[in-house]
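K.L.:
Residue numbering for the sequence shown follows my numbering, starting at 276 and increasing by one per position. Cβ atoms here follow ideal geometry from the backbone N, Cα and C, with glycine treated the same way.
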Amino acid sequence: MSSCGTGCGCGSNVPNRPTRPLITKNKVNKDLQHYWETIYNVVDHEKSGWYEKKPEPTIQLIEKSNISKDDHIFIAGAGTTTLVDYLLDNNYTNITVSDISSTALEILKERLKDQANTINWLVDDLTHPEKLQQILPVDLWIDRAVFHFFTETEDQKTYIDLLNKLVKPSGKVIIATFNLKGATKCSGLPVRRYNELMLKEKLSPEFELQESFETLYTMPSGDTRPYLYTLFKKL
Ligand SMILES: C[S@@+](CC[C@H](N)C(=O)[O-])C[C@H]1O[C@@H](n2cnc3c(N)ncnc32)[C@H](O)[C@@H]1O
276 MSSCGTGCGC GSNVPNRPTR PLITKNKVNK DLQHYWETIY NVVDHEKSGW
326 YEKKPEPTIQ LIEKSNISKD DHIFIAGAGT TTLVDYLLDN NYTNITVSDI
376 SSTALEILKE RLKDQANTIN WLVDDLTHPE KLQQILPVDL WIDRAVFHFF
426 TETEDQKTYI DLLNKLVKPS GKVIIATFNL KGATKCSGLP VRRYNELMLK
476 EKLSPEFELQ ESFETLYTMP SGDTRPYLYT LFKKL
């Protein structure tokens, strides 16, 4: 274990950074999974450097996406996000929640109590997707603070291939990352920062940008992190 030292606000020790196994294709990266399991075991998730009492910027883009209450919403790297509570409270009925950490999803399930039974839960690795390949087509894909952890081109490509495969034609994608003024690390891991053009290039030519904005997120510690929020439409 080492001190987080990223200013992410978790105020905790974090496990040592995972190494990349040599053979990982189509297998969950166990080191990475262990890393995130440990984070959720040692950090109070409500004090983490990404916790939101209400995920306002994402809600703003969901409202602009014009999706219906029964459309299939997929949350990539959901962690323990309060976005799920918002979606249930607002009568969205077809939700798949996924993360590499089963601990995070268990915390979320416990909070949701009986409502958890209405959700499809999936533990899998977005960069080595196995079970994720089998989910039904998606009308809205939501990723806040996940894609930016994929610093290797190969991992980014695997993620975008999955996005292309799962999102329906005319389906929508919300991706929020640290922007170019953002931190270079989160939770002890390096991140890739983006501006609007960089994300457009990653998602083209299959997706067109519909909306984007930058916003300053205040962490539970009081520190701030500048984010970029984007809404794309599949062509
Ligand atoms: C900074 S947290 C953000 C959590 C949530 N999206 C939110 O906004 O509250 C990043 C999340 O991505 C998950 N994650 C990291 N790498 C992943 C991967 N390769 N596949 C799936 N989930 C991953 C972590 O377990 C963690 O829950």
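For T505 versus I450, is the C-beta distance shorter than 7 Å?
P.N.:
Going by C-beta atoms, T505 is nearer than 7 Å to I450.
K.L.:
Just to confirm my understanding: we take L472, look at its own chain, exclude 5 residues before and 5 after, and list those with CB closer than 6 Å. What are they?
P.N.:
none
K.L.:
Flag D389 as yes when its Cβ comes closer than 6 Å to any non-hydrogen atom of ligand 1, and as no otherwise.
P.N.:
no
K.L.:
For a test of your reading of the model: does the CB of G354 fall under 6 Å from any non-hydrogen atom of ligand 1? Yes or no.
P.N.:
Indeed, a heavy atom of ligand 1 lies less than 6 Å from the Cβ.
K.L.:
Let me know the secondary structure DSSP gives W325 once reduced to three states.
P.N.:
coil
K.L.:
Are the beta-carbon atoms of V466 and F424 separated by less than 7 Å?
P.N.:
yes
K.L.:
Assuming N316 and K344 form a contact by the criterion Cβ under 8 Å, report the distance between their Cβ atoms to the nearest whole angstrom.
P.N.:
The pair is not a contact, with the Cβ atoms about 35 Å apart (cut-off 8 Å).
K.L.:
Run through the DSSP bridge pairs and tell me what K432 is partnered with.
P.N.:
According to DSSP, K432 bridges with nothing at all.
K.L.:
Given that a residue counts as buried once 16 or more other Cβ atoms are within 10 Å of its Cβ, and exposed if not, what is P404?
P.N.:
buried
K.L.:
If you drop the 5 nearest sequence neighbours on each side, which residues of the same chain put their C-beta closer than 7 Å to that of L362?
P.N.:
I348, I370
K.L.:
What three-state label does DSSP hand P495 in the structure shown?
P.N.:
coil
K.L.:
Return helix, strand or coil for N470, following the three-state DSSP convention.
P.N.:
coil
K.L.:
Compute the beta-carbon to beta-carbon distance between K388 and P444, rounded to the nearest angstrom, for a pair I have assumed lies under 8 Å.
P.N.:
Actually they do not touch by this definition, with Cβ atoms about 36 Å apart.
K.L.:
By a C-beta neighbour count over all protein chains shown, 10 Å radius and 16 as the cutoff for buried, is N454 buried or exposed?
P.N.:
buried
K.L.:
Measuring from the CB of I375, is there a heavy atom of ligand 1 at a distance below 6 Å?
P.N.:
yes
K.L.:
Can you list the alpha helix (DSSP H) stretches of 4 or more residues lying completely in the region 386-455, in chain order?
P.N.:
428-441
K.L.:
Taking all protein chains shown into account, do 16 or more other C-beta atoms lie within 10 angstroms of the C-beta of S487, making it buried, or fewer, making it exposed?
P.N.:
Taking all protein chains shown into account, S487 has 16 or more neighbouring C-beta atoms within 10 Å of its C-beta and is therefore buried.
K.L.:
Going along the chain, which residues of its own chain have a beta-carbon closer than 6 Å to the beta-carbon of I550, five neighbours each way excluded?
P.N.:
With the chain represented from 276 up to 510, any question about residue 550 goes unanswered, as that position is not in the structure.
K.L.:
For the region 303-386, list the alpha helix (DSSP H) runs that are entirely contained and at least 4 residues long, ordered along the chain.
P.N.:
305-317, 331-340, 358-364
K.L.:
Once the 5 residues before and after S376 are set aside, which same chain residues still bring their CB inside 6 Å of it?
P.N.:
W311, E312, Y315
K.L.:
Does L411 pass the burial test, meaning 16 or more other C-beta atoms within 10 Å, or should it be called exposed?
P.N.:
L411 should be labelled exposed.
K.L.:
Among P495, S496, T490, which residue has its Cα nearest to the Cα of Q335?
P.N.:
T490
K.L.:
Taking its Cβ as the centre, do 16 or more other Cβ atoms sit within 10 Å of T333, making it buried, or is it exposed?
P.N.:
buried
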